[in-house]
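Trainee: Let me begin by handing over the structure; questions about it come next.
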Amino acid sequence: MDHREAELSEDAAAGRAEAGTGTDDDAVLLFVGGPLDGRVEIRAARHGEPLPTVTHVHLHDGPKVVHRYDLEPLVEGGGVYNLRPPARRSSREDSVPD
Numbered sequence: 011m012d013h014r015e016a017e018l019s020e021d022a023a024a025g026r027a028e029a030g031t032g033t034d035d036d037a038v039l040l041f042v043g044g045p046l047d048g049r050v051e052i053r054a055a056r057h058g059e060p061l062p063t064v065t066h067v068h069l070h071d072g073p074k075v076v077h078r079y080d081l082e083p084l085v086e087g088g089g090v091y092n093l094r095p096p097a098r099r100s101s102r103e104d105s106v107p108d
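Right under this line is the structure:
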């Protein structure tokens with residue numbers, strides 16, 4: 011790397027830091043499943059470690075729909091939020107013996 015390339019790299023890094031975008035300590039998080047499937051979130055290092063669980067609530071004309079995503083850390087600074095399977099609700103038929 012020549013002197014000019016080093017200057018450009020340093021300037022670009024400084025610009026990202028000033029703009030609040032992408033640093034080496036930021037976490038890259040991918041959502042898998044549910045309404046957030048495929049979403050990629052960059053969590054700035056200044057916000058701390060990624061949360062172990064993220065709750066997404068969709069409000070509309072009908073009942074609210076709640077999805078929970080659990081963090082699976084992959085590598086330093088990266089992870090996947092997997093959609094938590096719906097909780098099985100016991101029905102009366104399940105609790106009454108034959």
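Offset between the sequence shown (1-based) and the numbering used here: plus 10. Virtual Cβ for every residue (Gly too), placed ideally from N, Cα, C.
Please report the Cβ distance between residue 90 and residue 42, rounded to the nearest whole angstrom; I am assuming they are in contact, meaning their Cβ atoms lie under 8 Å.
Mentor: 6 Å
Trainee: With a CB to CB cut of under 8 Å and the five nearest residues on each side skipped, what residues in its chain are close to residue 80?
Mentor: 62, 63, 91, 92 and 94
Trainee: Could you give the DSSP three-state label for residue 15: helix, strand or coil?
Mentor: With a pLDDT of only 47 at residue 15, under the threshold of 50, the placement of this residue in the model should not be trusted; the figure read from the coordinates follows. Three-state DSSP puts residue 15 in a helix.
Trainee: Using only CA atoms, which one of 48, 54, 72 and 44 lies nearest to residue 65?
Mentor: 44
Trainee: Could you have a look at residue 39 and say whether DSSP puts it in helix, strand or coil?
Mentor: strand
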